[in-house]
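Residue numbers (the numbering used here): 1336 to 1499.
First up is the structure itself, then whatever we jot down about it.
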């Protein structure tokens, strides 16, 4: 017996049209989301400016811990570095070697709390920043930018390496 190859045409209803529009909108949003992620990745791979590097190098100065105005100046410099991107949605903070001496090992700039902290040997880092400690301690990088999905290790000349 022959097989039926074509199905009878479905009646077009308002529900069918709404379902097709939803699928279409979801595909468009996914495409826009992927495009945004690619563009953000391109922006974050760029070499960092001297002003940005200098601002983050100053994190190791012990007085910044107590001075919120200095912290705000550093955050303003970060915003100027990436004016076209909304990095604060994914940027957790910065980690680098602390040169204040023993007992301190690393220091951080925690972006959600806008707090500079110095951490002793073995003291756990907050909010997902622990993943950058080992990279910072290996040396070779000025600091590590910690994002929700990766770390970006920045060397002293501003060149960025992405570590997932």
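Ideal placement from N, C-alpha and C gives every residue a C-beta, glycine not left out.
Rounded straight-line distance, which links the Cα of residue 1369 to that of residue 1404 = The residue you call residue 1404 lines up with position 69 of the chain shown. The residue you call residue 1369 lines up with position 34 of the chain shown. Between residue 1404 and residue 1369, the C-alpha separation is close to 37 Å.
key: First and last residue of the uninterrupted beta strand (DSSP E) at residue 1380   = Within the chain shown, numbered from 1, the residue matching residue 1380 stands at position 45. Under the DSSP assignment, residue 1380 falls outside any beta strand (DSSP E); it carries neither an H nor an E label.
ask   = Does DSSP classify residue 1426 as helix, strand or coil?
value = Translated into positions along the chain shown, residue 1426 becomes position 91. Strand at residue 1426.
request  = Measuring alpha carbon to alpha carbon, tell me which of 1491, 1450, 1411 and 1415 ends up nearest residue 1427.
outcome  = In the chain shown, the residue the question calls residue 1427 occupies position 92. It is 1450 whose Cα lies nearest to the Cα of residue 1427.
ask   = Does the beta-carbon distance from residue 1463 to residue 1382 come in below 8 Å?
value = Here residue 1463 refers to the residue found at position 128 when the chain shown is read from its first residue. Here residue 1382 refers to the residue found at position 47 when the chain shown is read from its first residue. For residue 1463 and residue 1382, no; Cβs fall outside 8 Å.
query = What is the C-beta distance between residue 1455 and residue 1465, in whole angstroms, given that I count them as a contact (C-beta under 8 Å)?
reply = On the chain shown, residue 1455 is found 120 positions in, with the first residue counted as 1. On the chain shown, residue 1465 is found 130 positions in, with the first residue counted as 1. Taking a contact as a CB-CB distance under 8 Å, the pair residue 1455 and residue 1465 does not count as one, their CB atoms being some 14 Å apart.
task = Give the secondary structure of residue 1421 by DSSP, where H, G and I count as helix, E and B as strand, and everything else as coil.
result = Position 86 of the chain shown holds residue 1421. Coil at residue 1421, not helix or strand.
ask   = In its own chain, which residues sit with a C-beta less than 6 Å from the C-beta of residue 1452, not counting the 5 before and 5 after it?
value = Taking the first residue of the chain shown as position 1, residue 1452 is located at position 117. The residues are 1443.
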